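There are 2 protein chains.
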Amino acid sequence: MTLPPFSRTDRTTLKRRPQRGSYDPELVHAILDEGLVCHVGFVVDGLPFVIPSSYWRIGNRLYLHSAPASRMLQQLQQGVDVCVTVTLLDGLVLARSALHHSMNYRSVVIFGRAERVESEAEKLSALEAFLDHVVPGRAAEVRPPNPTEAAGTAILAIAIEEASAKVRTGPPVDDARDMDWPVWAGEVPLQMVEAQPKASPDLRFEGPVPAYARDYARTRRDRASGAS
Amino acid sequence: MTLPPFSRTDRTTLKRRPQRGSYDPELVHAILDEGLVCHVGFVVDGLPFVIPSSYWRIGNRLYLHSAPASRMLQQLQQGVDVCVTVTLLDGLVLARSALHHSMNYRSVVIFGRAERVESEAEKLSALEAFLDHVVPGRAAEVRPPNPTEAAGTAILAIAIEEASAKVRTGPPVDDARDMDWPVWAGEVPLQMVEAQPKASPDLRFEGPVPAYARDYARTRRDRASGAS
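Chains as they are written, first to last, in the working numbering: chain Y, 3 to 230; chain P, 3 to 230.
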């Protein structure tokens, strides 16, 4: 099923390099599903704050969770305007000239307002989706949240409606006069991969390290391509 | 030389888990020097914007560059308040219980105001430092910026004074009653590494792929440890 594009607003209209912009919900969702950290912007007494946070997506809602004491939660639960940005760095673009160097990336910017999720059932299923987003396969194996824990965790949801993506891909674009400059030029792709997992010093479980930990990046990528 | 700690302000005082916070300039600088992308927050008509950007550091100043047409530049050069956040995701923390899962990370938040760098000489040396930050060793090999290019590039500087770092490291912290839950627990370290470089389709240079591209992550890490 193809989703209709997001409506453009003044906030989501790209001023710079609009050809890199997209209002395609499927692209926006794919970027959000790949990322692990978002940056949440809000205004307190006229001043900007940008706080890193984990997040996850269910349908057309972006979720954040937080301890009730956090500044971000205190602000967001009042229904203030928020801007959430997710950026995936895909590579470095090495040009012949210094100023044509660039980065390949995919980013999403969402404007909206957060609301607190109040229902215990919705909170519990949202928390399961969160773990499934970060480490697919983990939720089924761990001790699930109990109602006391759910009550002590604030979950916020933001509608993914006023949103856009911005993407750069491909090789450098140099000036014609620089094409003979004697230097290598091209892309250096970057990727986030796991190193050797480290067992907890107090681990009692004697089974093997699960595949989703040993082979994290590939397991998660396979899940994403299977799910799309 | 040990730098004195940053003065704490209301904005940089951590409300949540203050034991993870630091006002040590050397830690703040090390995180900034390792990162490649920052998230820049500013307020337009009372509404928050969070825009990803490359950046670099020279001494106690953080630099951004931008095309003159960008919304970020248009706003920041007016001297508005800005919040710049850099987050390095170091790993996933897999606990026995769902709600004790966490992430290991190092982040920096800087509050301040940007000013435009106007001097051509300062712009040219700042651009060289930028390339050196992203790809150490590259600046000496490429066609350097000329005065026309420097004039067409806006460079902004923000003093790194009202700043703090926040760091989580180490294994999960589970409740005592969950220690026998039959699941692996520990850390999955994450790291950003290069994949195989891709030469530009129109590349004329016939020399080898430079080590800083072939072996990007290690080259940059070695440079960082040598420089500190």
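C-beta atoms are modelled at their ideal positions from N, C-alpha and C, and glycine is treated no differently.
Since the structure is predicted, the reported quantities are computational estimates derived from the model, not experimental observations.
- Reference W186 (chain P), options Y:A116, Y:R179, Y:S24 and Y:A213, closest by Cα: Here the closest residue by C-alpha is Y:A213.
- Residues bridged to G23 (chain P) (per DSSP): BP columns for G23 (chain P) point to P:K168.
- Note down, in chain order, each residue of its chain lying with its Cβ closer than 7 Å to the Cβ of E196 (chain P), except the 5 sequence neighbours on either side. Closer than 7 Å at the Cβ level, and outside the excluded window around E196 (chain P), lie Y218 and A219.
- Quick one: list the residues of chain P neighbouring Q277 (chain Y), beta-carbon separation under 9 Å, in chain order. Since the first and last residues shown for chain Y are 3 and 230, residue 277 (chain Y) lies out of range.
- Item | Supposed contact pair L158 (chain P) and L91 (chain P) - C-beta distance, whole angstroms, cut 8 Å | No, L91 (chain P) and L158 (chain P) are not in contact; Cβ-Cβ is about 26 Å, not under 8 Å.
- Task: Please specify which runs of the beta strand (DSSP E), each continuous and at least 3 residues long, are wholly inside the region 26-80 of chain Y, giving them in chain order.
- Result: Listed in chain order, they are 39-46, 49-56, 58-60 and 63-68.
- Task: Under 7 Å Cβ to Cβ from T89 (chain P), same chain only, skipping five residues before and after it: list those, please.
- Result: Excluding positions up to five away in sequence, the list reads Y107 and S109.
- Backbone CA spacing between S104 (chain P) and V169 (chain P) [nearest angstrom]: A direct Cα-to-Cα measurement between S104 (chain P) and V169 (chain P) gives close to 12 Å.
- Around the Cβ of A1 (chain Y), are there at least 16 other Cβ atoms within 10 angstroms (buried) or fewer (exposed)? With chain Y covering only 3 through 230, there is no way to say anything about residue 1 (chain Y).
- Task: Specify the secondary structure class of A97 (chain Y) as computed by DSSP and reduced to three states.
- Result: Assignment of A97 (chain Y) by DSSP, reduced to helix, strand and coil, places it in the coil class.
- Item | Where L158 (chain Y) falls: helix, strand or coil (DSSP) | Here L158 (chain Y) sits in strand by DSSP.
- Query: So, is K17 (chain Y) buried or exposed, given that buried needs 16 or more other C-beta atoms within 10 angstroms?
  - Reply: Counting the other Cβ atoms within 10 Å of the Cβ of K17 (chain Y) gives fewer than 16, which makes it exposed.
- Checking contacts by CB at 7 Å: is S99 (chain P) closer than that to chain Y? For S99 (chain P), the answer is yes, since a Cβ of chain Y falls inside 7 Å of its Cβ.
- Query: The beta strand (DSSP E) with F113 (chain Y) in it runs from where to where?
  - Reply: The continuous beta strand (DSSP E) containing F113 (chain Y) extends over residues S104 to R118.
- Query: With 7 Å set as the bound, which would you pick, yes or no: does the beta-carbon of T11 (chain P) sit closer than that to a beta-carbon of chain Y?
  - Reply: False, the Cβ-Cβ gap to chain Y never drops below 7 Å.
- Query: What does E151 (chain Y) reach in chain P if we use C-beta pairs closer than 7 Å?
  - Reply: Going along chain P in sequence order, the residues near E151 (chain Y) (Cβ under 7 Å) are L101.
- Starting from the C-beta of T221 (chain P), find all residues in its chain whose C-beta is less than 8 Å away, skip the five residues before and the five after it, and write them out in chain order. Cβ within range, chain order: P138, G139, A213 and Y214.
- Specify the secondary structure class of A213 (chain P) as computed by DSSP and reduced to three states. When secondary structure is reduced to three states using DSSP, A213 (chain P) falls in the helix class.
- Task: Can you check DSSP and say which residues form a bridge with A178 (chain Y)?
- Result: DSSP lists no partner for A178 (chain Y).
- Query: So is L96 (chain P) buried or exposed if we call it buried at 16+ other beta carbons inside 10 Å?
  - Reply: By the 10 Å Cβ count, L96 (chain P) comes out buried.
- Query: Any beta-carbon of chain Y closer than 7 Å to the one on Y65 (chain P)?
  - Reply: Answer no: the Cβ-Cβ gap between Y65 (chain P) and chain Y never drops below 7 Å.
- Task: List the residues of chain Y that S56 (chain P) touches, going by C-beta distances under 8 Å, in chain order.
- Result: Within chain Y, the residues near S56 (chain P) are M105.
- Message: From the DSSP secondary-structure annotation, give me the bridge partner or partners of K17 (chain Y).
- Response: DSSP, once it has assigned bridges, lists no residue as partnering K17 (chain Y).
- Message: Is S41 (chain P) close to chain Y? Criterion is C-beta to C-beta, closer than 7 Å.
- Response: Residue identity differs from the one stated: residue 41 (chain P) is His in this sequence, not Ser. Judged by the 7 Å Cβ criterion, H41 (chain P) is in contact with chain Y.
- For V137 (chain Y), which three-state DSSP category applies? Three-state result, V137 (chain Y): coil.
- Message: My assumption, with CB atoms under 8 Å, is that A100 (chain Y) sits in contact with P199 (chain P). Please give the rounded CB distance.
- Response: Their Cβ separation, rounded to whole angstroms, is 18 Å, which puts A100 (chain Y) and P199 (chain P) out of contact at 8 Å.
- Message: Can you give me the C-alpha to C-alpha distance between R13 (chain Y) and G114 (chain Y), rounded to a whole angstrom?
- Response: Approximately 11 Å, taken between the alpha carbons.
- Option in P:P210, P:W183 and P:E164 with minimal Cα separation from P184 (chain Y): Closest option to P184 (chain Y), Cα to Cα, is P:P210.
- Task: Can you pull the chain P residues whose beta carbon is under 8 Å from the beta carbon of T205 (chain Y), in chain order?
- Result: Here residue 205 (chain Y) is Leu; the residue named in the question, Thr, does not match the sequence. Chain P residues near L205 (chain Y): W186, A187 and G188.
- Task: Locate the alpha helix (DSSP H) running through P149 (chain Y), then write down its first and last residues.
- Result: Run containing P149 (chain Y): P149 to A153, per the alpha helix (DSSP H) assignment.
- Message: Strictly by DSSP, which residues pair up with K200 (chain P)?
- Response: Looking at the DSSP output, K200 (chain P) bridges to Y:E189.
- From the DSSP output, read off the bridge partner residues of D83 (chain P). Answer by DSSP bridge pairing, in chain order: P:R115.
- When we look at the beta-carbon of P174 (chain P) and count the other beta-carbons within 10 Å, is it buried (16 or more) or exposed? P174 (chain P) counts as buried, since no fewer than 16 other beta carbons sit within 10 angstroms of its beta carbon.
- Looking at the C-beta of A178 (chain Y), does it have a partner C-beta in chain P at a distance below 7 Å? For A178 (chain Y), the answer is no, since every Cβ of chain P falls outside 7 Å of its Cβ.
- Message: So R140 (chain P) contacts chain Y; which residues on that side make the cut at Cβ distance below 7 Å?
- Response: In chain order: L96.
- Query: Is it true that the CB of I60 (chain Y) sits closer than 7 Å to the CB of A131 (chain Y)?
  - Reply: A131 (chain Y) places its beta carbon less than 7 Å from that of I60 (chain Y).
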